[in-house]
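Reading through the structure tokens given below for one structure.
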Amino acid sequence: SFLSLFDGDHEKATQLEEKIASKMGFDAVYSVSGQTYSRKVDYYVLSVLSGIAQSAYKFSNDIRLLSHLKEFDEPFEDKQIGSSAMAYKRNPMRSERIASLSRYVIVNALNPALTASSQWFERT
């Protein structure tokens with residue numbers, strides 16, 4: 017450990033840790049009590065990503081609904097083909113992709129919460 021390198025001097029160990037973090041482009045460090053970190057960190061990060069995905073899904077779903085009502089259309093590419101059943105129909109393909117990927121992120125954000133809650137005797 018850094019403490020053993022500096023004969024138990026916490027201040028020197030902290031300074032070294034901050035210098036290493038700064039060189040790597042980080043403005044802060046996360047205190048870890050051992051070799052593992054709390055799995056809640058994964059949950060916090062993925063919760064933020066899930067929140068972004070929720071907004072993207074809401075936005076794309078609104079676009080899809082407006083498209084259905086003919087109040088809004090996505091751009092139609094030159095080589096784009098309409099619906100398989102109705103060639104003249106313009107499907108909101110970008111919004112459909114955004115919604116699909118957003119659902120994927122939202123659902124996967126649940127995984128770290130389940131992992132964090134079921135880690136037996138892990139230091140948290």
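Read in order, the letters of the sequence shown are residues 17 to 140 in my numbering.
In this text, a Cβ means the ideal position worked out from N, Cα and C, and glycines have one as well.
Only a predicted model underlies this, so the values are computations on that prediction, with no experimental measurement involved.
Spatial neighbours of Ala129 in its own chain (CB-CB distance under 7 Å, excluding positions within 5 residues in sequence) are listed in chain order as Tyr59.
For Phe75, the uninterrupted alpha helix (DSSP H) segment begins and ends at Lys56 to His84.
In this model, Gln135 and Ser63 are separated by some 19 Å (Cα to Cα).
Under the DSSP assignment, Glu138 falls outside any alpha helix (DSSP H); it carries neither an H nor an E label. Residues of the same chain with a CB within less than 7 Å of the CB of Leu32, apart from the 5 flanking positions on each side, are Phe18 in chain order. The segment 63 to 81 makes contact with the segment 99 to 119: 3 or more CB pairs, one atom from each, lie closer than 8 Å. The shortest C-alpha to C-alpha distance from Ala125 to any of Asp94, Glu112, Asn107 and Lys56 is the one to Lys56. Gly67 and Glu138 have their C-alpha atoms spaced approximately 27 Å apart.
Taking the CA atoms as reference points, Asp89 sits about 35 Å from Asn127. When the Cα atoms are used, Ala103 and Lys86 turn out to be separated by approximately 16 Å.
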